[in-house]
Amino acid sequence: MKLRHLLMWAHGVALCLALVEPAMAGGFLAGLLDMQDSSPHAKSYAVLDEDFEPTSVAWSPDGRHIADDGVLGAEIHIWDVARRSIVKRIALKYGAAGEFSSMAWSSDGRYLAAARGGSAPMLVLNTSDWRPVLLQAAANFPGGDSPAFSSDGKLLALDTGGIDQQGVRTPHIIRVYSTDIWQLYRELSFSDTDRPDHPVGWGFRIDRLAFQPGTHNLAIGASGGFGFPPGMPIPMRDANGAFVTDVPTSSRVIFWNVDGRAPDLLTSDLDQSIVAYKNGTEMQALIFSPNGRQLATGTYTGGGRPPHQLTDSVHIYDSRSHALLAAPLDGMDHGGWTDALGYIDGGKYLLVGHEDKSGAIDIINTRTFKVAEILNANGFVASLATDPSRSRFVVTS
C-alpha cells in the first residue's frame, strides 16, 4: 500500500472484532461484521480503541491474541482478546513506514513476522519473550515484505531486495528460512533491467506470497510483463525507434515447491502460472482456503486502461487445475483497493474487505460463488484476519 493512502487514516480508527454465530433455521452461516448490528447472521463482538491508526492485523492460531500495526505508528500491539486489553507493546526502531505493513503468525504460535516495507527490516519475533530473531544474512537486504509461514511452521518465505548468492543486486529476491535454526533454506532471484542478459519482465515486481496448506508449495503473486526472450531491449522500441508504452502486462500467480527446482520464467514454467489479471494491476491479496483447494486473489477495482478497467477485483481458482472458478464481484464497482481477504467457517465463506469510501465487506459463498451479503464496516477496510480456532474475524476499520 502506497504513501498516497495515508490521508485516508487521518480520522479516528478502531480495531473491531466480530463473533460469528450460526444463522437461524433455513438460513446460512456467514462470517460477518456490521458495526450497526443490522445483519441477522453475525453480531458485533468487541470494539478495541487503538491509540494509532491500525492498518495491519494478524490473529494467533490459538485465538487468544491479535497483533496490530499502523502505517503511521511506531509500535506493534499484542491484544488479549478475552480481556480486550493490550498485553504487550513492541517499540519499532523505524517510525512511519510509508506503506501498509503485512503480518503473519506461524501455525504453532511461536513466531510473529512483521514487514513494514520500504527500508524497514523484516522483523520476526519469538512470542515466548517477544525478542527478535536474527535472520541469517539479514544485512544483505534492506527490507522485507509479504511474510508467509508454511502450514507446518517449518518455513518462512519473504520478498526482499538485496544481494543474491551470486552477488548481483536485485529488487526481486524471495528468501525462504528454516524456522528451526533460522538459516537460509532456499533463495529465488527475479531480475529485469538489472540483468539485461536474462530479463524476465517489464516493470516486474513481486506483490504477495502464500504457502498452500499442507505443502511447501509457494504461490508467488507477481505483476509486470512476462515472457521476454533473452536479448530483447527493455524498454522496447517500435520500428521507428520510439518507446513502446503499451507493453502487454499481466498479474500472475507463479508456483514454486521450495523443496524442489526453482521456476524459470523464460521456459514452459511460465505456462503453468495463473494469469490472474491481464492488465498487470498490482495483486494486493493472495490467500488459500484452509484445505488448500481454492486460491483467491484481490486487486484494485477500476484499474487499467479503457476499455479494460477491472470490475472483477476478486478471482477464485482451483489450486490444482488452476481453472478460474468464479469472479463474483464482476460488475460491482466498489471503486477501491481489495487488500483484505479471509476464509472463514472452514472455508465455506470468503470475506472481502474494500479500502474505499463504501467501507464494504462482501460475503461470498465459496460453493455457489454468490455474494451472500454486503456489509458496511463504517470506514475503510485496510486489513482483515480470521481466527484459526473458531468462526471470528477482526477488521481494521
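Final position of the sequence shown in my numbering is 1053; the numbers increase by one with none missing.
Beta carbons are placed, not taken as given, at the ideal position from N, Cα and C, and that holds for glycine.
Residue i, DSSP secondary structure in three states
i: D925; result: helix
i: A996; result: strand
i: A1033; result: coil
i: N796; result: helix
i: K1066; result: As displayed, the chain neither begins before 657 nor continues past 1053, which places residue 1066 out of reach and without an answer.
i: R1048; result: strand
i: Q940; result: strand
i: M778; result: coil
i: V789; result: coil
i: L935; result: Looking at the sequence itself, residue 935 is Asn, so the reference to Leu does not match. Three-state DSSP puts N935 in coil, outside helix and strand.
i: S969; result: coil
i: A714; result: strand
Burial state of residue i, where buried means 16 or more other Cβ atoms lie within 10 Å
i: V1008; result: buried
i: A932; result: buried
i: R864; result: buried
i: D848; result: Interpretation of D848 is limited by its pLDDT of 45, a score under 50 that renders its predicted location unreliable; no figure is taken from the coordinates.
i: V1037; result: buried
i: S757; result: buried
i: W786; result: exposed
i: D815; result: buried
i: L790; result: exposed
i: T1024; result: exposed
Alpha-carbon spacing of residue i relative to residue j, whole angstroms
i: F860; j: A738; result: 44 Å
i: E1029; j: Y767; result: 35 Å
i: S975; j: N896; result: 44 Å
i: D995; j: Q839; result: 31 Å
i: M759; j: E706; result: 17 Å
i: F882; j: L874; result: 19 Å
i: S927; j: G880; result: It is Asp, not Ser, that sits at residue 927 in the sequence shown. Going by the C-alpha atoms only, they are around 15 Å apart.
i: R772; j: T783; result: 19 Å
i: P803; j: R1048; result: 22 Å
i: F944; j: L951; result: 4 Å
i: P788; j: V1027; result: 41 Å
i: I1017; j: A898; result: 45 Å
i: S716; j: T923; result: 40 Å
Any non-hydrogen atom of the ligand GDP within 6 Å of residue i CB
i: E843; result: With respect to the ligand GDP, the structure shown offers nothing to examine, as it has no ligands at all.
Residue(s) in a DSSP beta bridge with residue i
i: L748; result: Paired residues: none, contrary to the question.
i: Y841; result: Paired residue(s): none; Y841 is not in a bridge.
i: Q950; result: D974
i: T1042; result: F1049
i: S907; result: S879 and Y933
i: Y767; result: N782
i: D1012; result: Partner(s): none; D1012 has no beta bridge.
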